[in-house]
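Student:
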Amino acid sequence: MTEGEASGAENRGARLPVVTVVVLVATCAGIYVISQFLRGSIGVIAPNLARELSLNAAEIGLLSSLFFLMFAAAQLPLGIALDRFGPRACLLGSVSLAIAGSLLFALAGSFAGLLGARVLMGLGCAALLMAPLAVYARWFPPDRFSTLLGIQMAVGSLGALLATAPLARAAEAFGWRTPFLVVAAITVVSAVVAAVVVRDNPPGKVAPHNKDSLADSIRGVVHVIRIRDVWRLFLLHTCAYAMYASIQGLWGGPYLTDVYGFELAQRGDMLLLMAVAQICGSFLWGISDRLLDSYRWPTMIGAIGSALLLLVLPLAGPLPQGWLPVWFAAFGLMAAFTPVMMAHGKSLFPPHLVGRGITLLNLANMGGVFVWQAVAGVVVDLYPTANGAYPAAAYHMVFALQGLAMLALMVVYVRARDPRHEEV
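Final position of the sequence shown in the working numbering is 426; the numbers increase by one with none missing.
#1: For residue 42, which residues from the same chain have a beta carbon less than 6 Å from its beta carbon, with the 5 sequence-adjacent residues on both sides left out?
#2: Out of 317, 417, 421, 402, which one is the CA nearest neighbour of residue 352?
#3: Which same chain residues end up closer than 6 Å to residue 5 when comparing Cβ atoms and leaving out the 5 residues on each side of it in sequence?
#4: Could you tell me which residues DSSP pairs with residue 388 in its beta bridges?
#5: Whole angstroms are fine: how far does the CA of residue 105 sit from the CA of residue 319?
#6: Are the Cβ atoms of residue 240 and residue 370 separated by less than 7 Å?
#7: Please state the DSSP three-state secondary structure of residue 420.
#8: Can you check whether the CB of residue 77 is closer than 7 Å to the CB of residue 248?
#9: Ordered along the chain, which non-local residues of its own chain (more than five positions away) have a Cβ less than 8 Å from that of residue 55?
#10: Please report whether the beta-carbon of residue 328 lies at a distance below 7 Å from any beta-carbon of chain C.
#11: Pick from 383, 345, 364: whose alpha carbon is nearest that of residue 138?
#12: Let me know the secondary structure DSSP gives residue 166 once reduced to three states.
#13: What residue range does the alpha helix (DSSP H) around residue 370 cover?
#14: If you draw a straight line from the alpha carbon of residue 309 to that of residue 155, how long is it in whole angstroms?
#15: Could you give the distance in angstroms between the alpha-carbon of residue 413 and the alpha-carbon of residue 306?
#16: Taking the C-alpha atoms as reference points, what is the distance between residue 167 and residue 278?
#17: Comparing alpha-carbon positions, which option in 298, 289, 295, 397 lies nearest residue 314?
#18: Return the residue from the list 358, 45, 407 that minimises the CA-CA distance to residue 242.
#19: Within 10 Å of its beta-carbon, does residue 90 have 16 or more other beta-carbons around it, so buried, or fewer, so exposed?
#20: By alpha-carbon positions, which one of 343, 176, 177, 50 ends up nearest to residue 301?
#21: Output the boundary residues of the alpha helix (DSSP H) element that contains residue 181.
#22: Hey, residue 170 and residue 270 are a contact pair by Cβ (cut 8 Å); roughly how many whole angstroms apart?
#23: At a threshold of 6 Å, does residue 397 count as lining the ligand ADP (C-beta to nearest heavy atom)?
#24: With DSSP as the reference, label residue 407 as helix, strand or coil.
#25: Considering only residues of the stretch 246–311, which uninterrupted alpha helix (DSSP H) runs meet the minimum length of 4 residues and lie entirely inside it, listed in chain order?
#26: Using CA atoms only, rank isn't needed, just tell me which of 280, 363, 316, 379 is closest to residue 330.
#27: Which same chain residues end up closer than 6 Å to residue 409 when comparing Cβ atoms and leaving out the 5 residues on each side of it in sequence?
#28: For the stretch 193–202 against the stretch 375–388, do three or more pairs of beta-carbon atoms, one drawn from each stretch, fall closer than 8 Å, so that the two count as touching?
#29: Just to check my reading of the structure: residue 372 and residue 96 have Cβ atoms closer than 8 Å, yes? What is that Cβ distance to the nearest angstrom?
#30: Would residue 124 pass as a contact of residue 379 if the rule is Cβ separation under 7 Å?
#31: Would you mind sorting residue 143 into buried or exposed? The rule is 16 or more other CB atoms within 10 Å of its CB.
#32: Check each candidate in 87, 160, 187, 367 and name the one with the smallest Cα separation from residue 75.
#33: Assign residue 389 to one of two classes, buried (16 or more other C-beta atoms within 10 Å of its C-beta) or exposed (fewer than that).
#34: Would you kindly work out how many angstroms separate the C-alpha atoms of residue 93 and residue 191, rounded to a whole number?
Printed below as a string of structure tokens:
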């Protein structure tokens with residue numbers, strides 16, 4: 003262990019003032035709300051965009067998934083930047099793009115303009131999760147990381163919640179463009195607060211100087227990739243968050259409209275229920291590794307449970323409308339297990355490679371969302387429409403593919419080391 007790492011471990015073990023911790027975590031988690039709102043905002047307004055701009059399912063799928071492609075593409079460069087320049091600089095540097103993307107989306111008059119806005123949003127939000135996680139890794143003991151990640155995900159999921167019924171009602175009252183102007187203004191305020199509050203290291207700790215060259219930084223990425231069992235987690239990450247995001251952020255709204263005839267406010271309410279369940283689940287899964295003394299078991303329970311819920315839909319056919327709230331709540335709760343899986347990955351990385359390690363796994367998360375949303379758009383478009391609506395079978399095929407993929411990747415993941423109770 004280097005002198006800098008030893009100092010960091012000692013500082014992370016020191017007791018921090020409660021007010022300092024609360025303000026720091028609230029700021030880091032609060033700015034992540036913006037990312038969750040922007041990534042999930044297409045789902046509720048997708049039918050409105052399709053009508054206004056004459057977009058088909060594949061174009062809607064691309065519009066939503068492009069955010070995740072840009073988010074994923076930024077992850078490895080971001081990981082290098084986090085380790086070289088620190089999380090604060092990365093956070094403040096990227097958030098300006100999120101502001102520009104929100105403004106462009108509100109003002110765009112064409113499909114191309116919306117695509118450009120989603121590119122800026124994806125790049126701008128790339129650091130709004132990873133930079134806070136890098137801050138937590140520097141400030142707090144390793145055994146608190148999963149809990150802090152659960153808090154980060156739960157608070158951030160308020161953004162996904164706001165992208166459901168609240169966005170639907172705002173779009174009904176003011177049009178779908180106005181909410182994005184409001185988000186741009188809120189993001190400016192959040193950036194100013196983050197600039198004042200967020201620091202790379204705890205009080206009294208001098209950050210060790212990173213002397214790595216760019217070539218050394220790239221070699222660090224290669225080293226992370228070669229760490230035993232990382233690829234098992236990487237593969238599961240490509241599907242774990244994607245199956246939730248594809249429903250919450252894109253296909254849930256059209257599914258409820260086409261199959262059940264839900265209007266804007268109704269589908270917003272149903273997606274709101276799933277978002278609330280996901281927030282509760284993030285807290286519960288965030289402490290599950292300590293309760294079960296394992297990373298692997300909570301991940302397996304969450305992944306298998308989510309996959310089975312997805313497979314219920316194609317196997318049973320469209321559920322009676324009265325059962326929809328039960329399914330959406332159960333799926334939101336079960337699919338919120340990604341914090342414990344990310345903590346599992348972090349436990350495999352040496353301290354000086356944490357930034358590159360967690361961004362590698364987040365690349366899998368966001369890259370998986372891009373692939374699944376784009377593929378889903380193509381699959382749904384294979385089915386003929388009736389009065390502009392796709393049949394239930396089109397959506398059920400997507401859900402079946404996702405559920406089966408999750409179960410297959412679980413077979414790969416199950417043999418990954420679990421540092422909670424094994425020798426690393």
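Positions of the beta carbon are idealized from the N, C-alpha and C atoms, including for glycine.
Tutor: Reading off the structure:
#1: 162, 165, 250, 251
#2: 421
#3: Unreliable placement is indicated for residue 5, whose pLDDT of 41 sits below 50; the coordinate value is still reported in the next sentence. There are no such residues.
#4: 391
#5: 41 Å
#6: yes
#7: coil
#8: no
#9: 112, 113, 116
#10: Considering every chain present, this structure includes no chain C. It has just one protein chain.
#11: 345
#12: coil
#13: 356–383
#14: 21 Å
#15: 10 Å
#16: 11 Å
#17: 397
#18: 407
#19: buried
#20: 343
#21: 180–199
#22: 3 Å
#23: The ligand ADP is absent from the structure shown, which contains no ligands of any kind.
#24: helix
#25: 254–262, 266–294
#26: 280
#27: 309
#28: no
#29: Going by Cβ atoms, the distance from residue 372 to residue 96 rounds to 18 Å, so no, they are not a contact pair.
#30: no
#31: exposed
#32: 367
#33: exposed
#34: 14 Å
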